[in-house]
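2 protein chains.
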Amino acid sequence: MMPRPGKGDPETDEAVYKAVLTAILEGRIEAGTKLAETPLAEVFGVSRERIRKVLHRLVAERRLEAIPNRGVRVPEPSLEDVRAVYQAHRVLEAGILHALAGRLDADLLQRLETHIGWEQRAAMERDRASSVRLSGEFHLLLADALGNAEISAFLRNLLTRSSIMVSVYESAADSICGVHEHAAIVEALASNNVDKAISLSAEHFRHIESRLRLKKPEVEKPDLASLFTPLRVPEP
Amino acid sequence: MMPRPGKGDPETDEAVYKAVLTAILEGRIEAGTKLAETPLAEVFGVSRERIRKVLHRLVAERRLEAIPNRGVRVPEPSLEDVRAVYQAHRVLEAGILHALAGRLDADLLQRLETHIGWEQRAAMERDRASSVRLSGEFHLLLADALGNAEISAFLRNLLTRSSIMVSVYESAADSICGVHEHAAIVEALASNNVDKAISLSAEHFRHIESRLRLKKPEVEKPDLASLFTPLRVPEP
DNA sequence: ATTAATATAAATGTGCACATTTGGCACGCC
DNA sequence: GGCGTGCCAAATGTGCACATTTATATTAAT
């Protein structure tokens with residue numbers, strides 16, 4: 001017999017978790033918004049304990065911040081936090097590029113250039129969402145080339161953090177101009193000039209950091225239900 | 001009125017968490033040991049729900065692994081996992097040393113040399129526990145010099161993971177010989193030779209990796225209560 | 001009129017009891 | 001004798017009810 005969608009599924013936890021997480025990552029929930037347990041339980045049509053578990057997991061992952069007896073809220077990162085994330089990314093990528101010296105094969109080079117082609121296309125079409133996503137994936141491509149799960153996981157963490165931040169600190173200029181810098185890094189790598197690649201990478205991140213500006217908070221306040229991707233609830 | 005030690009303290013969660021965590025970190029619990037909820041609740045004298053929360057947190061931090069409906073156990077890292085952790089540390093430290101170029105002040109240099117003095121002393125006294133701890137703190141000193149919370153947190157994570165692993169994969173030779181390599185790195189840094197420092201660091205980690213050997217699992221099986229640091233329980 | 005204190009209501013935290021799943025064991029069958 | 005099936009016990013997972021804490025609103029006093 002088929003398991004009912006809303007009952008004892010082990011998938012339900014994951015579904016709720018992903019729904020809340022993507023809502024946070026895509027900046028759909030304004031920074032500082034309090035996520036109470038009871039309304040969330042009603043929105044998703046599940047018990048409060050399940051919401052509780054998901055929220056605790058997100059807090060443990062630093063995706064939400066908890067104040068004892070006062071619930072959880074989406075963190076409002078300071079400008080220093082944002083700089084720290086980008087600096088960490090810069091330091092890590094320097095190490096990655098250094099480790100990549102010598103083990104750069106034609107296959108990886110091909111994939112990098114293909115990816116940059118996609119970035120250029122998205123930039124030409126003024127597709128800002130794709131540009132941001134592809135820009136992150138470019139750096140992931142470099143990190144995954146090492147085949148080290150620890151490094152990849154850390155970088156993925158940094159990228160999701162920074163993707164939250166661009167929704168708060170929106171740069172006046174779009175991030176499209178970064179495509180040329182990506183290409184320059186790959187070019188330096190192709191010519192086995194690792195030091196130059198590292199310098200270009202550092203400069204690249206400094207450019208991103210310098211573009212960070214404080215965005216005015218919007219006063220719109222949509223209801224909770226519309227924030228999350230529609231999740232089927234069992235019919236009564 | 002004073003809060004009772006075993007009741008509604010917010011400290012209790014943290015106390016149990018730290019007790020279990022340090023027991024894992026110090027290798028007091030053999031890899032593969034299953035940590036059931038009910039016995040743990042009896043050992044610590046707290047309710048099962050509290051143990052539950054702590055265990056879930058440790059699972060989220062990858063300190064324990066959970067199998068659905070079958071409880072949690074301390075993970076048994078493979079040799080590949082260990083190598084990945086050390087490689088990640090090597091890559092990260094290359095980036096750290098690169099970023100440290102130019103911003104190396106006399107104060108940091110002084111602290112590094114003092115620390116190496118402690119390491120040498122511990123090595124002379126054959127104090128293996130202190131040697132391992134100090135060796136980790138040396139690399140933390142380098143990372144903290146950047147003042148970046150993200151990097152420091154990641155390195156701390158890597159270090160705790162590797163400290164678990166030395167209890168499983170015990171090197172035949174002790175890690176005392178690494179002190180000279182630490183000193184060489186600092187010396188290269190002091191003379192502003194960053195490339196040499198990075199090379200020495202990479203070589204250092206390769207030495208550590210090459211010393212990893214598979215340790216025979218011990219057959220001793222102590223009871224749960226003696227594994228954790230004594231935690232006061234309220235008198236009836 | 002403003003402030004402070006109290007009471008009320010709502011939201012979080014906790015423990016308990018029950019449901020569900022899993023692993024072992026015994027019995028029976030091939 | 002080996003293997004498959006079914007029952008039983010133990011451990012995990014879940015929902016519910018209650019305790020505790022916090023914020024708000026109302027009232028009274030200065």
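Protein chains in written order, with the numbering used here: chain D, 1 to 236; chain V, 1 to 236.
A virtual CB, placed ideally from N, CA and C, is assigned to each residue, including glycine.
Can you name the start and end residues of the alpha helix (DSSP H) that residue i belongs to?
i, result
"V:Ile198", "Val194 to Ser210"
"D:Phe228", "Where D:Phe228 is concerned, there is no enclosing alpha helix (DSSP H), given that its DSSP letter is neither H nor E."
"V:Asp81", "Leu79 to Leu100"
"V:Leu109", "Ala106 to Met124"
"V:Asp127", "Neither: V:Asp127 is in no alpha helix (DSSP H) and is coded neither H nor E."
"D:Ala19", "Glu11 to Leu25"
"D:Arg28", "It is not in any alpha helix (DSSP H) - D:Arg28 carries neither H nor E in the DSSP assignment."
"V:Val179", "Gly178 to Ala190"
"D:Leu58", "Arg48 to Ala60"
Please name the residue or residues paired with residue i in a DSSP beta bridge.
i, result
"D:Glu65", "D:Arg73"
"V:Lys34", "V:Arg73"
Out of the options, point me to the one whose CA is closest to residue i's CA.
i, options, result
"V:His56", "V:Val74, V:Leu79, V:Val43 and V:Glu42", "V:Val74"
"V:Arg103", "V:Arg133, V:Tyr86 and V:Ala143", "V:Ala143"
"D:Leu40", "D:Gly27, D:Val20 and D:Glu113", "D:Val20"
"V:Arg70", "V:Arg211, V:Glu37 and V:Ser78", "V:Glu37"
"V:Ile51", "V:Ser78, V:Ala15 and V:Asp105", "V:Ala15"
"V:Thr33", "V:Leu64, V:Gly45 and V:Thr114", "V:Leu64"
"V:Ala197", "V:Ala153, V:Arg206 and V:Ile185", "V:Ile185"
"D:Asp81", "D:Arg161, D:Leu227 and D:Ala183", "D:Arg161"
"V:Asn148", "D:Asn148, D:Glu61, D:Arg83 and D:Val43", "D:Arg83"
"V:Ala31", "V:His139, V:Glu76, V:Val46 and V:Gly136", "V:Glu76"
"V:Arg206", "V:Arg90, V:Glu187 and V:Arg62", "V:Arg90"
"D:Arg111", "D:Asp127, D:Tyr17 and D:Phe138", "D:Phe138"
"D:Ser210", "D:Glu11, D:Gly45, D:Glu49 and D:Leu79", "D:Leu79"
"V:Arg62", "V:Asp127, V:Asn157 and V:Asn192", "V:Asn157"
"D:His204", "D:Tyr17, D:Leu25 and D:Gly136", "D:Gly136"
"V:Leu109", "V:Ser191, V:Glu11, V:Leu212 and V:Leu25", "V:Ser191"
"D:Glu113", "D:Tyr17, D:Lys18 and D:Glu187", "D:Glu187"
I believe residue i touches residue j by the beta-carbon criterion, under 8 Å. Please report the beta-carbon distance rounded to the nearest angstrom.
i, j, result
"V:Leu92", "V:Leu155", "6 Å"
"D:Val54", "D:Asp13", "7 Å"
"V:Val179", "V:Ala123", "5 Å"
"V:Ala23", "D:Ile151", "Between D:Ile151 and V:Ala23 the Cβ distance is about 28 Å, and since that is not below 8 Å, they are no contact."
"V:Val85", "V:Leu35", "About 22 Å separates the two Cβ atoms, so there is no contact after all."
"D:Leu141", "D:Ile96", "11 Å between Cβ atoms; not a contact."
"V:Glu181", "V:Leu159", "The Cβ separation is near 17 Å, so there is no contact."
"D:Ile208", "D:Gly27", "Not quite, the Cβ-Cβ distance comes to about 17 Å (not below 8 Å), so this is no contact."
"D:Ala106", "D:Val194", "Their Cβ separation, rounded to whole angstroms, is 17 Å, which puts D:Ala106 and D:Val194 out of contact at 8 Å."
"V:Ala94", "V:Ala202", "7 Å"
"D:Ile29", "D:Leu227", "6 Å"
Measuring from the CB of residue i, is there a heavy atom of the ligand ADP at a distance below 7 Å?
i, result
"D:Trp118", "The ligand ADP is not among the ligands present in this structure, which contains no ligands whatsoever."
Is it a yes or a no for the region 130–137 of chain D touching the region 113–122 of chain D, going by three-plus beta-carbon pairs under 8 Å? Output reads yes: the region 113–122 of chain D touches the region 130–137 of chain D.
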